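Let me begin by presenting the structure, written as structure tokens, before commenting on it.
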Amino acid sequence: MRKQIAAANWKMNLTASQAQELAAALATGVTQVQPGQQVILGVPFPYLVLVQNKVAGNKNIFLSAQNCADKKNGAYTGETSAEMLHSISIPYVIIGHSERREYYHETHSQLATKVDLALAQDIQPIFCCGEPLHVRETNTQNVFVEKQLKESLFHLSDAQMKNFIIAYEPIWAIGTGKTASSDQAQEMHAHIRQVLASKYGNETAESVSILYGGSVKAANATEIFSKPDVDGGLVGGASLVATEFISIIESLKPGS
Ligand code: 13P
Numbered sequence: 001m002r003k004q005i006a007a008a009n010w011k012m013n014l015t016a017s018q019a020q021e022l023a024a025a026l027a028t029g030v031t032q033v034q035p036g037q038q039v040i041l042g043v044p045f046p047y048l049v050l051v052q053n054k055v056a057g058n059k060n061i062f063l064s065a066q067n068c069a070d071k072k073n074g075a076y077t078g079e080t081s082a083e084m085l086h087s088i089s090i091p092y093v094i095i096g097h098s099e100r101r102e103y104y105h106e107t108h109s110q111l112a113t114k115v116d117l118a119l120a121q122d123i124q125p126i127f128c129c130g131e132p133l134h135v136r137e138t139n140t141q142n143v144f145v146e147k148q149l150k151e152s153l154f155h156l157s158d159a160q161m162k163n164f165i166i167a168y169e170p171i172w173a174i175g176t177g178k179t180a181s182s183d184q185a186q187e188m189h190a191h192i193r194q195v196l197a198s199k200y201g202n203e204t205a206e207s208v209s210i211l212y213g214g215s216v217k218a219a220n221a222t223e224i225f226s227k228p229d230v231d232g233g234l235v236g237g238a239s240l241v242a243t244e245f246i247s248i249i250e251s252l253k254p255g256s
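The working numbering puts the first residue of the sequence shown at 1, with every later residue one more than the last.
Next comes the structure, spelled out in structure tokens:
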């Protein structure tokens with residue numbers, strides 16, 4: 001029904017040789033991927049092609065960019081378009097990571113545009129959502145995340161939402177070593193699925209893979225991924241260590 005996904009987000013880490021070394025270790029080490037499971041590496045722009053070459057022999061590993069421009073093409077110095085990513089055969093792009101929302105002031109409507117530009121190039125967005133600590137402390141996270149989804153995704157058609165990928169990443173759990181409990185993750189993932197169902201119906205909502213992100217590591221992945229609405233993870237720090245990430249991949253549920 002929907003894919004179980006282990007996605008790495010390398011963020012702005014690694015040199016070219018370190019990236020190639022990590023990719024080579026994953027290319028040989030990622031062997032336990034079952035049908036319905038998928039491994040995605042979110043690689044910095046300059047290394048996409050280098051890493052692509054390293055993992056070419058492993059049919060289970062797919063590449064993702066970490067961002068794309070909100071413009072199609074033209075005089076936007078320093079930007080990378082979805083069309084460029086398509087031209088080097090990149091099938092996924094992370095859109096709306098909280099670090100981009102916070103540090104680069106990306107808005108709901110810019111993210112909606114990025115989603116459209118990616119889909120127009122047959123690139124599947126991995127759309128991130130999640131609340132900051134002060135929102136969690138006032139127990140208003142459901143409304144907060146619902147708004148993020150509605151403002152950036154609800155213009156999509158039913159066909160576009162089928163098999164979509166969303167990552168729930170509570171900001172207070174990113175890079176802090178503080179994970180949401182598996183129950184907190186399940187509660188929000190079920191909420192996200194219900195929000196999607198209210199617009200697109202149950203069948204489409206059930207086809208969407210909802211990943212959890214925020215201090216996922218080998219030691220907690222099995223517990224978090226065991227929850228029925230948690231379809232894998234988007235992993236930062238722990239994805240930079242091949243053995244850790246491979247163990248996280250092996251913690252995925254069977255694809256359904
Ligand atoms: P950490 O796994 O380092 O907490 O990062 C999570 C994240 O932001 C993945 O996109």
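Just so you know, even glycine gets a beta-carbon here, dropped at the ideal spot from N, CA and C.
The structure presented is a predicted model; accordingly, all values stated were derived computationally and were not measured.
Of Pro46, Ala7 and Ile40, the smallest CA-CA separation from Ala16 is found for Pro46.
The ligand 13P approaches Glu99 closely enough that one of its heavy atoms is under 8 Å from the residue's Cβ. Using a Cβ-Cβ distance cut-off of 8 Å, the segment 184-200 and the segment 156-167 are in contact, since at least three pairs of beta carbons, one from each stretch, lie closer than that value. Take the alpha-carbon of Phe62 and the one of Ser239: they are about 14 Å apart. Taking a cut-off of 8 Å on C-beta distances, the segment 119-137 touches the segment 94-107, as three or more cross pairs fall below it. Pairing Ile249 with Val33 gives a Cβ-Cβ distance under 9 Å. Shortest gap from the CB of Ser64 to any heavy atom of the ligand 13P: 8 Å or more. Within its own chain, the residues whose Cβ lies closer than 8 Å to the Cβ of Arg100, once the five positions on either side in sequence are excluded, are Asn67 and Glu106, listed in chain order. In the DSSP assignment, the residues bridged to Phe127 are Ile95 and Ile166.
With a threshold of 8 Å, the Cβ atom of Gly237 counts as near the ligand 13P, since some heavy atom of the ligand is closer than that. Taking a contact to require three or more Cβ pairs closer than 8 Å, the segment 184-192 and the segment 228-245 qualify as touching. The nearest non-hydrogen atom of the ligand 13P is less than 8 Å from the C-beta of Leu234.
Of the candidates Thr113, Val51, Thr28 and Leu50, Thr113 places its Cα closest to the Cα of Ser81.
Proximity of the segment 3-13 to the segment 37-44 meets the contact definition, three or more beta-carbon pairs being nearer than 8 Å.
Contact between the segment 50-60 and the segment 70-78 is absent: fewer than three C-beta pairs spanning the two stretches fall below 8 Å. Around the beta-carbon of Glu131, 16 or more other beta-carbon atoms lie within 10 Å, marking it buried. In the structure shown, Ala8 falls within a strand segment according to DSSP collapsed to helix, strand and coil. Around the Cβ of Ser87, a 10 Å sphere holds fewer than 16 other Cβ atoms; the residue is exposed. Distances from the CB of Ser215 to the heavy atoms of the ligand 13P include at least one below 8 Å.
Unbroken beta strand (DSSP E) stretches of 3 residues or longer found wholly inside the segment 156-202: 165-168, given in chain order. Judged by beta-carbon spacing, Gly233 lies within the 9 Å limit of Tyr212, meaning their Cβ atoms are closer than that value.
Under the three-state reduction of DSSP output, Ser209 falls in the strand class.
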